[in-house]
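Chains as they are written, first to last, in this note's numbering: chain A, 100 to 470; chain Y, 91 to 223. For every residue, glycine included, the Cβ atom is placed at its ideal position computed from N, Cα and C. Given the structure is predicted, the values throughout are model-derived calculations rather than measurements. I have placed the structure first, in the form of structure tokens, so that the comments after it can refer back to it.
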Amino acid sequence: MTAMEFKEFVATNGVRKAAKEVDIVTTGTFGAMCSSGAYFNLGHADPPIKIHRAWMDGIPAYAGLAAVDLYLGATELDESNNILHGGAHVIEDLVKGRAVRLKATAYGTDCYPMKEMDTYVSLKTMNQAVMMNVRNAYQNYAAAANSSGKTLYTYMGKLLPELGNATYSSAGEISPLLNDPYYRTIGVGSRIFLGGGEGFVVWEGTQFNPGVARTPRGVPKRPAGTLAVMGDLNGMSQDFLKGLTFTRYGTSLGVGVGIPIPILDEDLASACAVTNDKIFTAIFDYAEQKRSRSVLKEVSYADLSSGRVTIKGKDVPTSPLSSIYKARQITELLKKRILDGSFVVTEPVQRLPLKKSINTLDVRSEKEAMK
Amino acid sequence: MKTKLVLNFNPEASNLPITHNLIAEYGLLVNILRAEIDEIGGKMVIEVSGDDDSTNKGVEYLKKAGVGVRPFKEGVRRNDEICTHCGVCVSICPTSALILDHETRKVTFVEEKCVACGVCIDACPPRAMEILI
Chain A
100 MTAMEFKEFV ATNGVRKAAK EVDIVTTGTF GAMCSSGAYF NLGHADPPIK
150 IHRAWMDGIP AYAGLAAVDL YLGATELDES NNILHGGAHV IEDLVKGRAV
200 RLKATAYGTD CYPMKEMDTY VSLKTMNQAV MMNVRNAYQN YAAAANSSGK
250 TLYTYMGKLL PELGNATYSS AGEISPLLND PYYRTIGVGS RIFLGGGEGF
300 VVWEGTQFNP GVARTPRGVP KRPAGTLAVM GDLNGMSQDF LKGLTFTRYG
350 TSLGVGVGIP IPILDEDLAS ACAVTNDKIF TAIFDYAEQK RSRSVLKEVS
400 YADLSSGRVT IKGKDVPTSP LSSIYKARQI TELLKKRILD GSFVVTEPVQ
450 RLPLKKSINT LDVRSEKEAM K
Chain Y
91 MKTKLVLNFN PEASNLPITH NLIAEYGLLV NILRAEIDEI GGKMVIEVSG
141 DDDSTNKGVE YLKKAGVGVR PFKEGVRRND EICTHCGVCV SICPTSALIL
191 DHETRKVTFV EEKCVACGVC IDACPPRAME ILI
């Protein structure tokens with residue numbers, strides 16, 4: 100069943116019957132996931148080149164990995180900082196089947212004499228083209244508004260002055276980690292729907308922070324768990340992988356992630372029955388340019404998705420940043436693939452940690468850093 | 091009758107009190123939806139309300155005054171291939187021309203309500219919106 104179908108099923112039939120009769124619930128999310136990218140093996144040149152600097156359609160790719168391995172990050176921009184076309188857009192172009200111009204320079208060695216190359220590459224010419232995202236599918240996310248007198252351009256979108264709007268970024272009740280709040284079935288080795296193709300959870304995501312305040316049913320009230328995921332770019336689709344631009348912020352990659360949750364017992368059935376009125380987050384004031392911003396209001400996803408919230412007595416329109424429409428499509432597609440046998444659900448080989456906190460980046464001495 | 095018009099001004103015509111004249115001389119109700127001016131002239135999108143005769147006479151007056159007049163047909167276009175239906179645009183659209191359907195969670199673009207202000211253009215992450223005027 101899809102997450103939407105399962106919630107309705109539980110509402111009519113109860114948790115016990117659901118736990119008995121339903122095997123798997125498919126969850127999904129589609130949103131801007133900045134900590135994404137892809138690595139490539141280009142194949143060797145003749146004479147060989149040990150690439151020192153590389154650009155893919157003008158976007159710098161990291162080349163500090165042997166000779167012809169590159170990593171291209173979604174938020175990377177060219178030297179002119181053209182935010183309409185960044186690493187994310189190059190990855191989308193490759194998935195669309197397009198060829199990408201590769202420029203590479205090298206210092207030349209006895210074993211890799213070539214110093215310069217200008218050519219084209221595509222998914223067809225490369226040995227490996229693998230999406231490797233270090234932080235995706237955030238378990239809950241902050242919401243944003245702006246109390247200042249000027250429009251702010253942020254990764255949370257255009258925030259209008261004087262609390263003119265509020266934006267939020269989670270698929271809410273159908274989002275993977277909000278349906279398995281203690282990571283019982285989603286862990287290292289879980290096979291997932293990634294960008295229209297397939298991939299795996301390979302580790303906890305960066306900034307993994309499971310220790311935040313939770314509701315009595317265990318749902319985090321703040322950004323908590325995250326996933327590091329990878330999967331072959333071959334087989335992914337432009338429908339679920341999209342280069343995005345946030346004005347005066349930069350680029351990001353719209354990524355579709357879908358994860359099946361096997362209903363192991365009544366506890367998990369109860370967790371998967373969670374609805375938007377039972378999932379909470381806070382609207383933070385992005386007018387404050389600091390690490391810890393003030394909370395303007397605690398809200399539920401039912402409030403946010405109603406289209407309006409009241410902040411400080413003001414009626415404020417809301418906008419999602421993640422596409423619930425696409426997230427639902429992912430839950431449907433994943434269900435279809437599981438039913439026709441093309442997607443095999445796996446058991447994780449290692450659980451994600453439940454105890455872990457996050458550190459901050461501060462100016463410190465060498466000694467302090469080692470404490 | 092309500093008519094939406096796009097007006098183009100050369101620098102000379104930019105100094106004419108055309109809104110005043112449309113109201114005072116032709117009895118039209120004028121709602122300015124968008125106005126901009128730069129070194130090569132100006133552009134306005136207005137909605138005029140009045141009977142057909144007055145509207146036609148008003149348009150004649152504008153043309154004689156050297157103002158380019160054309161009907162406002164399509165101000166902003168959405169590329170449906172690119173739109174992901176995220177909904178970022180719905181809370182910033184001042185005329186509620188972009189609406190998130192609560193059932194389907196798709197974003198509907200109601201063109202009749204659009205005044206081509208352009209606020210959505212740079213707010214759209216996949217850049218699905220294009221301004222045409």
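Chain-order list of residues whose beta-carbon lies under 6 angstroms from that of residue i (same chain, five-residue window excluded)
i: Val96 (chain Y); result: Val135, Arg160, Phe162, Ile223
i: Ser144 (chain Y); result: Tyr116, Gly117, Leu118
i: Thr185 (chain Y); result: Lys203, Val205
i: Val120 (chain Y); result: Thr109, Leu112, Ile113, Ile136, Val138
i: Leu453 (chain A); result: Pro309
i: Phe442 (chain A); result: Arg436
Local Cβ density within 10 Å of residue i, reported as buried at 16 or more and exposed below that
i: Pro101 (chain Y); result: exposed
i: Arg195 (chain Y); result: buried
i: Pro212 (chain A); result: exposed
i: Ala312 (chain A); result: exposed
i: His188 (chain A); result: buried
i: Gly142 (chain A); result: exposed
i: Asp402 (chain A); result: buried
i: Thr459 (chain A); result: exposed
i: Arg407 (chain A); result: exposed
i: Asn235 (chain A); result: buried
i: Ala468 (chain A); result: exposed
i: Ser404 (chain A); result: buried
i: Met91 (chain Y); result: exposed
i: Arg427 (chain A); result: buried
i: Gly412 (chain A); result: exposed
i: Gly185 (chain A); result: buried
i: Asp156 (chain A); result: buried
i: Leu293 (chain A); result: buried
i: Gly127 (chain A); result: buried
i: Thr125 (chain A); result: buried
CB-CB length for residue i against residue j, believed under 8 angstroms
i: Thr174 (chain Y); j: Gly342 (chain A); result: With 8 angstroms as the limit, Thr174 (chain Y) and Gly342 (chain A) do not qualify as a contact, their Cβ atoms being about 11 angstroms apart.
i: Gly130 (chain A); j: Ser421 (chain A); result: 3 angstroms
i: Ile148 (chain A); j: Ala166 (chain A); result: 7 angstroms
i: Ile291 (chain A); j: Val356 (chain A); result: 6 angstroms
i: Leu171 (chain A); j: Ile182 (chain A); result: The pair is not a contact, with the Cβ atoms about 16 angstroms apart (cut-off 8 angstroms).
Partners in chain Y for residue i, counting only beta-carbon separations shorter than 8 angstroms
i: Ala131 (chain A); result: Pro215
i: Thr346 (chain A); result: Asp212, Ala213
i: Leu183 (chain A); result: Arg217
i: Thr471 (chain A); result: No answer is possible for residue 471 (chain A): the residues shown for chain A start at 100 and end at 470.
i: Arg427 (chain A); result: Arg195
Beta-carbon proximity list for residue i, same chain, < 7 angstroms, skipping 5 on both sides
i: Ile211 (chain Y); result: Met219, Ile221
i: Arg167 (chain Y); result: Glu220, Leu222
i: Lys106 (chain A); result: Glu272, Ala372, Thr374
i: Ile108 (chain Y); result: Leu152, Ala155, Val157
i: Leu193 (chain A); result: Val199, Ser221, Leu222, Ala228, Leu332
i: Asp217 (chain A); result: Lys202
i: Met231 (chain A); result: Gly136, Ala137, Tyr138, Met329
i: Ser456 (chain A); result: Asn308, Gly310
i: Ser289 (chain A); result: Phe299, Val300, Ile358, Thr445, Pro447
i: Cys183 (chain Y); result: Val209, Cys210
i: Gly85 (chain A); result: The question about residue 85 (chain A) has no answer here: the residues shown for chain A are numbered 100 through 470.
Residues of its chain near residue i, where Cβ-Cβ distance is below 8 angstroms and the 5 sequence neighbours each way are ignored
i: Val114 (chain A); result: Glu365, Ala368, Ser369, Ala372
i: Tyr240 (chain A); result: Tyr267, Ser268, Ser269, Pro322, Thr380
i: Ala125 (chain Y); result: Gly132, Lys133, Met134, Val135
i: Thr208 (chain A); result: Lys149
i: Gly248 (chain A); result: Pro260, Glu261
i: Ile172 (chain Y); result: Pro216, Arg217, Ala218
Residue(s) in a DSSP beta bridge with residue i
i: Glu115 (chain Y); result: In DSSP, Glu115 (chain Y) forms no bridge with anything.
i: Gln227 (chain A); result: A:Asn140
i: Thr218 (chain A); result: A:Leu201
i: Pro452 (chain A); result: Answer by DSSP bridge pairing: none, since Pro452 (chain A) is not bridged.
i: Thr128 (chain A); result: A:Val356
i: Gly256 (chain A); result: A:Thr253
i: Leu190 (chain Y); result: Y:Val197
i: Val139 (chain Y); result: The sequence given here has Ser at residue 139 (chain Y), not Val. Paired residues: Y:Lys92, Y:Leu119.
Interface partners of residue i on chain Y, CB under 7 angstroms
i: Val421 (chain A); result: The residue you asked about is not Val; residue 421 (chain A) is Ser in the sequence shown. Correct list: Cys176.
i: Leu259 (chain A); result: Ile182
i: Gly256 (chain A); result: Val178, Ala213
i: Lys341 (chain A); result: Thr174, Pro216
Contacts of residue i in chain A (Cβ-Cβ under 7 angstroms)
i: Leu95 (chain Y); result: Within chain A, no residue comes near Leu95 (chain Y); the closest Cβ sits about 28 angstroms away, beyond 7 angstroms.
i: Lys196 (chain Y); result: Tyr424
i: Leu190 (chain Y); result: Gly406
Under 8 angstroms by beta carbon: chain A residues contacting residue i
i: Thr185 (chain Y); result: Simply none; closest approach about 12 angstroms.
Contact list for residue i against chain Y, beta-carbon separation under 9 angstroms
i: Gly353 (chain A); result: Thr174, Cys176, Pro215, Pro216
### Message
Beta carbons nearer than 7 angstroms to chain D: which residues of the region 394–419 of chain A have them?
### Response
No chain D is present in this structure, whose protein chains are A and Y.
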